[in-house]
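To start, the structure itself, in structure tokens.
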Amino acid sequence: MLFTKKFYYYPMWDRFFKYLCSGSVVLFMVCLVGASVIGVIVYRVIMSIEYSDNVTEIEGFMITTIASSFLNAVSILLLGTVYTKLANKLTCWENHRTKSSFDDALIIKLFAFHFVNSYSSCFYIAFIRGRFLEHGIMGMGASYQDKCEGSCMSQLSIQVMILMLTKPFPKFLKDVIIPQVIKIWRRIHVKGNFDSKVNNIDDGVTTEGENKKAALETWIQDEERKPVLGDFTLEEFTEKTIQYGYLMLFAASFPLAPLIALITNFIDVRVDANRLLWTYRRPLAFISQDIGMWYPILRFINTVGVISNAFLIAFTSHWSETFSLSKRLWVVIGFEHIVYGVKLLIEIMIPDTTAYVKMVRRQNKMKVSERLKCETKDYHNIVPQDSHRSWFDCNGQLKAFKEPILEEPPEKRNSCSVEDETSSPIELSHSTSCNLSTQKQHRLKRKSLHATEMLNKQKKGSVADDEDDGDSDSAAAKTRDRIINRNRPHSLATAGSISLSLGNHPASNL
Numbered sequence: 012m013l014f015t016k017k018f019y020y021y022p023m024w025d026r027f028f029k030y031l032c033s034g035s036v037v038l039f040m041v042c043l044v045g046a047s048v049i050g051v052i053v054y055r056v057i058m059s060i061e062y063s064d065n066v067t068e069i070e071g072f073m074i075t076t077i078a079s080s081f082l083n084a085v086s087i088l089l090l091g092t093v094y095t096k097l098a099n100k101l102t103c104w105e106n107h108r109t110k111s112s113f114d115d116a117l118i119i120k121l122f123a124f125h126f127v128n129s130y131s132s133c134f135y136i137a138f139i140r141g142r143f144l145e146h147g148i149m150g151m152g153a154s155y156q157d158k159c160e161g162s163c164m165s166q167l168s169i170q171v172m173i174l175m176l177t178k179p180f181p182k183f184l185k186d187v188i189i190p191q192v193i194k195i196w197r198r199i200h201v202k203g204n205f206d207s208k209v210n211n212i213d214d215g216v217t218t219e220g221e222n223k224k225a226a227l228e229t230w231i232q233d234e235e236r237k238p239v240l241g242d243f244t245l246e247e248f249t250e251k252t253i254q255y256g257y258l259m260l261f262a263a264s265f266p267l268a269p270l271i272a273l274i275t276n277f278i279d280v281r282v283d284a285n286r287l288l289w290t291y292r293r294p295l296a297f298i299s300q301d302i303g304m305w306y307p308i309l310r311f312i313n314t315v316g317v318i319s320n321a322f323l324i325a326f327t328s329h330w331s332e333t334f335s336l337s338k339r340l341w342v343v344i345g346f347e348h349i350v351y352g353v354k355l356l357i358e359i360m361i362p363d364t365t366a367y368v369k370m371v372r373r374q375n376k377m378k379v380s381e382r383l384k385c386e387t388k389d390y391h392n393i394v395p396q397d398s399h400r401s402w403f404d405c406n407g408q409l410k411a412f413k414e415p416i417l418e419e420p421p422e423k424r425n426s427c428s429v430e431d432e433t434s435s436p437i438e439l440s441h442s443t444s445c446n447l448s449t450q451k452q453h454r455l456k457r458k459s460l461h462a463t464e465m466l467n468k469q470k471k472g473s474v475a476d477d478e479d480d481g482d483s484d485s486a487a488a489k490t491r492d493r494i495i496n497r498n499r500p501h502s503l504a505t506a507g508s509i510s511l512s513l514g515n516h517p518a519s520n521l
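In our numbering, the protein residues as written are 12 to 521.
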């Protein structure tokens, strides 16, 4: 048996069944969006036929074009609000294993619906309206024709402008108006015990410390009354992605769309800053690897936007009215090839990560690796490949080995040729069968510690006046100096034979 611990998993067939149910609900909501678009079209056609003779041209334009655009915007907002809540419940019901999987599934559901909900009316005006006039809309007869008044490009620009101006209002209502109304209502009708402590202070009874404490408790109570903002990034990304779609998909019909987006986003930034600071509690920050499914969605919008604008220029604009079908198709092919070629050239010339950033990342990675090696706590038990580096700490000082150094196991001890511990010259070279064996390293450490202790005693004047002691002190000092000079950080990059000796034996350079 490979695993003794139990792992819980979700059955594949149950997950597949839930995915199938969720897809069916999403498809039903998309069909509901199509039905709402058809209803708005029928309203516009009926109103244009019934009231075209009784009203002026401006009034007819207001009743048909403007009113139908507002009705479409209202249906988009209502269906979007309902579907967002439904998509959250469906994604929770699917029982995803990780947070990233949950977010990706929810993003796909939201974008699939909002793409149809937000852009279906615009695609209808751009490519379908006014082209099937034989039987009228829904087979109602030739008199019920949905024709473009003047130009379909102008109708499309009006539709895009109205949608871009009306979509920020629900967010502004939810983020600014409703919190301010709730705040004013609480100030008027809600009076807690803390407010009474602050407002009804008797100077003769309460002290200054009690006044400050009551005021602090009041501020805490005000903060606790604020609603929790939650994970608002999904809503913000959805809103900005839909707005970006209006800019990319229908740029040829409404060139002022980027200006409207700039103004609305500038206001939206200030509104978000105000609600984060004063209206809601501080949200919890968390680290995310990337933006998830939003990046492929943005690339999808870019790809569809090039094709959409090519068809707008070739089939909807006045510029190509005299062109044949083959010439229009050649315009589409040539336009999208030129745009995709320029896009590919820019991607090649300007990489996602610059060379300077790559170099800094490599440097930081190297620094982190060196720091982790330097701060290893078990350096006396673990001998790395170039073990002489572990004799010094991060400041270049010789480490003090207070704990006993572990000896090598017998089976490994016989695998290398080891010199006698009593021999004074110790030569370490690559020519030996075992490079820098563990026992030699331990002997070097012990002798370096002995040399350090002898030098400390000599400084304190506690060294005995003995013949052998003088020779051993000088030898220990020389040994310590050689070890320190050999193992400084600037000499660690070179690799070669190491020859270390005591007394008059020379030490080879690294």
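Glycine included, every Cβ here is placed at the ideal spot set by N, Cα and C.
Local conformation of residue i per DSSP, three classes
i, result
"ILE139", "coil"
"ARG108", "coil"
"LYS178", "coil"
"ILE247", "Sequence check: residue 247 is Glu here, not Ile. Looking at GLU247 - three-state DSSP - the assignment turns out to be helix."
"PHE36", "According to the sequence shown, residue 36 is Val rather than Phe. In the structure shown, VAL36 sits in a helix (DSSP, three-state: H, G or I)."
"THR365", "coil"
"THR67", "coil"
"GLN191", "helix"
"PRO269", "helix"
"GLY241", "coil"
"LYS100", "helix"
"PHE72", "helix"
"ARG55", "helix"
"ARG372", "helix"
"LYS384", "helix"
"ASP397", "Only weak support exists for where ASP397 lies, its pLDDT of 43 falling under 50; the coordinates are left without a value."
"GLU235", "helix"
"GLU61", "helix"
"LYS185", "helix"
"GLN156", "coil"
Residue i versus residue j - alpha carbon distance
i, j, result
"PHE28", "LEU176", "40 Å"
"SER574", "THR67", "Since the first residue of the chain shown is 12 and the last is 521, residue 574 is not available in this structure."
"THR290", "LYS237", "6 Å"
"ILE361", "PHE248", "25 Å"
"THR76", "LEU184", "26 Å"
"ARG524", "TYR155", "For residue 524 there is no data in the structure shown, the boundaries of the chain being 12 and 521."
"PHE265", "PHE297", "38 Å"
"TRP341", "SER59", "36 Å"
"LEU38", "TYR94", "12 Å"
"ALA225", "ASP283", "31 Å"
"ARG198", "TRP104", "40 Å"
"GLY241", "PHE124", "23 Å"
"ASP115", "LYS369", "29 Å"
"TRP305", "GLU70", "43 Å"
"GLY34", "ARG293", "35 Å"
"PHE81", "LEU97", "24 Å"
"PHE334", "VAL171", "26 Å"
"ALA268", "ILE274", "10 Å"
"PRO395", "ASP363", "For PRO395, the predicted structure reports a pLDDT of 44, less than 50, and the residue's modelled location is therefore unreliable. The matter cannot be settled from this model."
"VAL36", "LEU43", "10 Å"
"TYR21", "ASN106", "8 Å"
"ILE302", "SER380", "28 Å"
"SER337", "SER299", "49 Å"
"LEU117", "LEU245", "9 Å"
Any non-hydrogen atom of the ligand NAD within 7 Å of residue i CB
i, result
"LEU323", "Within the structure as shown, the ligand NAD is missing, as the structure has no ligands at all."
Problem set entry | Three or more C-beta pairs below 8 Å linking the region 80-91 and the region 45-65 | Because the criterion of three Cβ pairs below 8 Å is met, the region 80-91 and the region 45-65 touch.
Exercise. Three or more C-beta pairs closer than 8 Å, one from the region 322-333 and one from the region 155-175: is that the case here?
Worked result: Yes, they touch.
Problem set entry | Start-end ranges of the alpha helix (DSSP H) lying completely within the region 299-357, minimum 4 residues | Here the runs fully enclosed are 305-322.
For this session: State whether the region 125-140 contacts the region 252-271, with contact taken as three or more CB pairs (one from each stretch) at a distance under 8 Å.
Result: Flag = yes, the region 125-140 and the region 252-271 touch.
Exercise. Can you find at least 3 beta carbon pairs, one from the region 307-321 and one from the region 331-351, that sit closer than 8 Å?
Worked result: Contact between the region 307-321 and the region 331-351 is present, because at least three Cβ pairs lie under 8 Å.
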